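In terms of numbering that gives the first Met the number 0, the sequence shown has 39 at position 40, counting the first letter as 1, and numbering is strictly consecutive.
Data first, discussion second: the structure below is written as structure tokens.
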Amino acid sequence: MEYKRTSDANLITARYMDSILIEQRLIDSVIADTKITIFGEEFSSPVMTPAFSHLKSFKGRDLTGLEEYSTAAKELNILNFVGMMENDMFEKIIKTGAKTVRIVKPYADNGKVRDQMQFAESVGAFGIGMDIDHIFGENGADVVIGEEMAVQTSEMLRSYIESTKLPFVVKGVLSVEDAMKCADLGAAAIIVSHHHGRLPYAVPPMMVLPEIKAALIGRDMKIIVDCGIESGSDVYKALALGADAAAVGRSMLPSLEENGIEGVKSFITKVNNELRFTMSCTGFATPEKVDDSCLKYY
Ligand SMILES: Cc1cc2nc3c(=O)[nH]c(=O)nc-3n(C[C@H](O)[C@H](O)[C@H](O)COP(=O)(O)O)c2cc1C
Numbered sequence: 000m001e002y003k004r005t006s007d008a009n010l011i012t013a014r015y016m017d018s019i020l021i022e023q024r025l026i027d028s029v030i031a032d033t034k035i036t037i038f039g040e041e042f043s044s045p046v047m048t049p050a051f052s053h054l055k056s057f058k059g060r061d062l063t064g065l066e067e068y069s070t071a072a073k074e075l076n077i078l079n080f081v082g083m084m085e086n087d088m089f090e091k092i093i094k095t096g097a098k099t100v101r102i103v104k105p106y107a108d109n110g111k112v113r114d115q116m117q118f119a120e121s122v123g124a125f126g127i128g129m130d131i132d133h134i135f136g137e138n139g140a141d142v143v144i145g146e147e148m149a150v151q152t153s154e155m156l157r158s159y160i161e162s163t164k165l166p167f168v169v170k171g172v173l174s175v176e177d178a179m180k181c182a183d184l185g186a187a188a189i190i191v192s193h194h195h196g197r198l199p200y201a202v203p204p205m206m207v208l209p210e211i212k213a214a215l216i217g218r219d220m221k222i223i224v225d226c227g228i229e230s231g232s233d234v235y236k237a238l239a240l241g242a243d244a245a246a247v248g249r250s251m252l253p254s255l256e257e258n259g260i261e262g263v264k265s266f267i268t269k270v271n272n273e274l275r276f277t278m279s280c281t282g283f284a285t286p287e288k289v290d291d292s293c294l295k296y297y
């Protein structure tokens, strides 16, 4: 058989996740409860929406895709994330009533970073953060839809964290080194992610999770994971390997495009039902109890 190489981190991640298997523990098991508490608030599930951006309205519907999935998050009582957008769009997201973390881009224009973070706090964001994995591009600094990005130093991140009362989430952590820096800087959470494969050969988030979890023992910082999450089994593996929660990503898009709010609600409900089933079949009653004792690798 011909050996085909790939540097595509999405494929590498999918293969790694599929190499993790789950054994059963049924005797004395109970029907699991998927509720979690994060940043002092109770949510129905550790499944979260992804920090998406630039979604127009689908199929001629009135709301943009961003407002539709945020409304679904509100109705499901799960934590909502959004990404790059201007303040007027974020205000519409807040109007959906979803508890939303706004992930601000690492703009070279630092005034814009601060303005977007302050605006988010002033209109009622649940949290704020930054995707630090969008700093570099092919020609040096990344340019996203015409806007230049810039390196973020520890001091800059510290000043954002100190400037807000809200939980601060650093998205795009993929090493123990960055995770420890985030903990030292006072971040409330990290999202372990390669941002759907920006870095060729990026390590699968689930491969690096156990090291990150071990390094953070005793530190008060939540660990969220994304990239390639499309089922309750994926979320279960994330929890087992050390995450507190997991965000779906492009797996949500077909349901969103086709059926809007109801499509996202039924997709996430299916993922959460699969998670509950897998937790029940492995003897874990609540998400925080899930550990890696039922995982096998092949
Ligand atoms: C249409 C689209 C827009 C996105 N916009 C952002 C963004 O503005 N900020 C951000 O941090 N991540 C953004 N992401 C990345 C997602 O938040 C997430 O990290 C990624 O999709 C996870 O990988 P997966 O799709 O394989 O699950 C975007 C992804 C997509 C598909």
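Even for Gly, the Cβ is constructed at its ideal location relative to N, Cα and C.
These numbers come from a predicted model, not from an experiment.
On the DSSP bridge list, what partners appear for Gly126?
The residue given as residue 126 occupies position 127 in the sequence shown. Answer is Val100.
Mapping DSSP to helix, strand and coil, what is Thr70?
As a working mapping, residue 70 is identified with position 71 in the sequence shown. If DSSP states are grouped into helix, strand and coil, Thr70 belongs with the helices.
Cβ atoms of Lys73 and Ala97: under 8 Å apart, would you say?
The count along the sequence shown starts at 1 and reaches residue 97 at position 98. The count along the sequence shown starts at 1 and reaches residue 73 at position 74. Ala97 is a Cβ neighbour of Lys73, given a cutoff of 8 Å.
From Ala188 to Val169, what does the alpha carbon distance come to, in whole angstroms?
Counted from its first residue, the sequence shown places residue 188 at position 189. Counted from its first residue, the sequence shown places residue 169 at position 170. Using only the alpha carbons, I get a separation of about 6 Å.
Specify, as a first and last residue, the run of the beta strand (DSSP E) that Lys221 falls within.
For the purposes of this step, residue 221 is taken as the residue at position 222 of the sequence shown. Run containing Lys221: 221-224, per the beta strand (DSSP E) assignment.
Buried or exposed: where does Pro45 fall if 16 or more other Cβ atoms within 10 Å of its Cβ makes it buried?
Mapped onto the sequence shown, residue 45 falls at position 46. It counts as buried.
Beta carbon of Phe51: closer than 7 Å to some heavy atom of ligand 1?
Within the sequence shown, numbered from 1, the residue matching residue 51 stands at position 52. Result yes, Cβ under 7 Å from ligand 1.
Can you give me the C-alpha to C-alpha distance between Glu256 and Thr70, rounded to a whole angstrom?
Here residue 256 refers to the residue found at position 257 when the sequence shown is read from its first residue. Here residue 70 refers to the residue found at position 71 when the sequence shown is read from its first residue. If I take the Cα positions, the gap works out to 14 Å.
I'd like to know if the segment 116-123 and the segment 54-65 are in contact, where contact means that at least 3 CB-CB pairs between them fall below 8 Å.
no
Using only CA atoms, which one of Glu22, Arg4, Met47 lies nearest to Arg249?
In the sequence shown, counting from the first residue as 1, residue 249 sits at position 250. Closest option to Arg249, Cα to Cα, is Met47.
Euclidean distance between Cα positions of Gly217 and Thr268
Indexing the sequence shown from 1 puts residue 217 at position 218. Indexing the sequence shown from 1 puts residue 268 at position 269. Within the model, the alpha-carbon separation for Gly217 versus Thr268 is close to 32 Å.
Could you give the C-beta distance for Cys280 and Leu25, rounded to a whole number, given that I count them as a contact under 8 Å?
If you number the sequence shown from 1, residue 280 lands on position 281. If you number the sequence shown from 1, residue 25 lands on position 26. Rounded, the Cβ-Cβ distance is 6 Å, consistent with contact.
Specify whether the segment 276-292 and the segment 82-96 touch according to this definition: at least 3 beta carbon pairs, one from each stretch, less than 8 Å apart.
Contact fails: fewer than three Cβ-Cβ distances are below 8 Å.
Going by alpha carbons, who is nearest to His195 out of Pro166, Asp132, Leu240?
Within the sequence shown, residue 195 is the residue found at index 196, counting from 1. If we check each option's Cα against that of His195, Asp132 comes out closest.
In or out: Pro166 buried (at least 16 other Cβ within 10 Å) or exposed?
Position 167 of the sequence shown, counted from the start, is the residue given in the question as residue 166. Buried.
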